[in-house]
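This report refers to the structure that appears directly beneath it.
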Amino acid sequence: NGKQVVLPGGHCHLLNHKNWKFEKFMSLKVQTNDLERIKATSADNIEMIVTSTVNWRIVDVEVAATMAAETMAVTGRAGDVSADISKLRDDVLKQAIA
(Lines of atoms letter the chains of each structure in order from A and count residues from 1; the text may use other names and numbers.)
(Lines give C-alpha, C1' and ligand atoms only; values in the text may rest on other atoms or scores of the structure.)
Protein backbone atom coordinates (compact mmCIF):
# COMPACT_ATOMS: atom_id res chain seq x y z
CA ASN A 1 0.00 0.00 0.00
CA GLY A 2 1.31 3.38 -0.91
CA LYS A 3 0.69 6.67 -2.60
CA GLN A 4 0.47 6.92 -6.38
CA VAL A 5 2.73 9.60 -7.83
CA VAL A 6 2.28 10.89 -11.39
CA LEU A 7 5.56 12.18 -12.80
CA PRO A 8 5.58 14.76 -15.61
CA GLY A 9 6.58 13.64 -19.09
CA GLY A 10 9.55 14.88 -21.08
CA HIS A 11 12.02 14.35 -18.22
CA CYS A 12 14.20 11.55 -16.97
CA HIS A 13 13.14 10.19 -13.56
CA LEU A 14 15.04 7.80 -11.31
CA LEU A 15 12.94 5.39 -9.25
CA ASN A 16 15.34 5.09 -6.33
CA HIS A 17 13.34 2.89 -3.94
CA LYS A 18 12.87 -0.87 -4.29
CA ASN A 19 9.07 -0.61 -3.90
CA TRP A 20 8.63 2.06 -6.57
CA LYS A 21 7.62 0.73 -9.96
CA PHE A 22 6.80 2.17 -13.32
CA GLU A 23 3.16 1.51 -14.22
CA LYS A 24 2.43 3.03 -17.64
CA PHE A 25 2.75 5.93 -20.05
CA MET A 26 -0.35 8.11 -20.41
CA SER A 27 -0.74 9.53 -23.91
CA LEU A 28 -2.32 12.98 -24.17
CA LYS A 29 -2.99 12.53 -27.89
CA VAL A 30 -6.47 12.13 -29.33
CA GLN A 31 -7.57 8.48 -29.25
CA THR A 32 -9.96 7.10 -31.88
CA ASN A 33 -12.06 3.96 -31.49
CA ASP A 34 -14.79 2.41 -33.61
CA LEU A 35 -18.10 1.23 -32.20
CA GLU A 36 -19.56 -1.17 -34.71
CA ARG A 37 -23.12 -2.41 -35.04
CA ILE A 38 -24.85 -1.11 -31.93
CA LYS A 39 -28.60 -1.68 -31.82
CA ALA A 40 -30.46 1.47 -30.83
CA THR A 41 -34.14 2.36 -30.63
CA SER A 42 -35.29 5.83 -31.67
CA ALA A 43 -37.87 7.94 -29.84
CA ASP A 44 -40.58 6.77 -32.25
CA ASN A 45 -39.71 3.11 -31.53
CA ILE A 46 -37.73 2.32 -34.70
CA GLU A 47 -34.82 -0.09 -34.29
CA MET A 48 -31.58 0.98 -35.95
CA ILE A 49 -28.10 -0.47 -36.26
CA VAL A 50 -25.58 2.30 -35.66
CA THR A 51 -21.89 2.36 -36.54
CA SER A 52 -19.93 5.20 -34.94
CA THR A 53 -16.48 6.50 -34.10
CA VAL A 54 -15.49 7.79 -30.66
CA ASN A 55 -12.76 10.43 -30.40
CA TRP A 56 -11.42 11.11 -26.90
CA ARG A 57 -8.34 12.35 -25.10
CA ILE A 58 -6.99 12.56 -21.57
CA VAL A 59 -7.20 16.07 -20.13
CA ASP A 60 -6.28 15.47 -16.46
CA VAL A 61 -3.46 12.91 -16.24
CA GLU A 62 -3.68 12.44 -12.47
CA VAL A 63 -7.40 11.63 -12.50
CA ALA A 64 -6.98 9.32 -15.50
CA ALA A 65 -4.04 7.53 -13.87
CA THR A 66 -5.99 7.08 -10.63
CA MET A 67 -9.05 5.69 -12.41
CA ALA A 68 -7.07 3.50 -14.82
CA ALA A 69 -4.68 2.06 -12.25
CA GLU A 70 -4.73 -1.72 -12.28
CA THR A 71 -3.52 -2.80 -8.87
CA MET A 72 -4.13 -6.51 -9.40
CA ALA A 73 -3.74 -8.67 -12.47
CA VAL A 74 -6.52 -11.02 -13.49
CA THR A 75 -4.11 -13.95 -13.24
CA GLY A 76 -3.03 -12.96 -9.73
CA ARG A 77 0.63 -12.56 -10.67
CA ALA A 78 2.13 -9.12 -10.08
CA GLY A 79 3.98 -9.04 -13.41
CA ASP A 80 0.83 -9.51 -15.49
CA VAL A 81 -0.65 -6.02 -14.99
CA SER A 82 -1.26 -4.32 -18.34
CA ALA A 83 1.10 -1.43 -19.13
CA ASP A 84 -1.17 0.30 -21.64
CA ILE A 85 -4.41 2.25 -21.29
CA SER A 86 -6.69 -0.61 -22.38
CA LYS A 87 -8.76 -0.47 -19.15
CA LEU A 88 -9.32 3.25 -19.61
CA ARG A 89 -10.18 2.71 -23.29
CA ASP A 90 -12.75 0.04 -22.35
CA ASP A 91 -14.32 2.40 -19.80
CA VAL A 92 -14.62 5.18 -22.40
CA LEU A 93 -16.28 2.82 -24.89
CA LYS A 94 -18.74 1.57 -22.27
CA GLN A 95 -19.71 5.18 -21.51
CA ALA A 96 -20.13 5.90 -25.23
CA ILE A 97 -22.43 2.89 -25.66
CA ALA A 98 -24.52 3.90 -22.63
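Each number in this note's numbering corresponds to the 1-based position in the sequence shown with 1 added. Built from N, CA and C at the ideal position, the CB exists for glycine as well.
Taking buried to mean at least 16 other C-beta atoms within 10 Å of its own C-beta, is residue i buried or exposed?
i   : result
A69 : buried
I86 : buried
L16 : exposed
Would you grab the beta carbon distance between residue i and residue j for me? Rounded to a whole angstrom, and I think it's under 8 Å.
i   : j   : result
A44 : V7  : Actually they do not touch by this definition, with Cβ atoms about 43 Å apart.
R90 : Q32 : 7 Å
CB-CB under 6 Å to residue i, same chain, minus the five flanking residues each way: which ones, in chain order?
i   : result
D35 : T54
Spatial neighbours of residue i within its chain, please: CB distance less than 7 Å, with the 5 preceding and 5 following residues excluded, ordered by chain position.
i   : result
K30 : R58
I98 : L36 and I39
For residue i, which residues of its own chain have a beta-carbon under 8 Å away from its beta-carbon, when the five flanking residues on both sides are left out?
i   : result
V62 : V7, M27 and L29
M49 : K40, A41, T42 and S43
K95 : none
T52 : D35, L36, E37, R38 and I39
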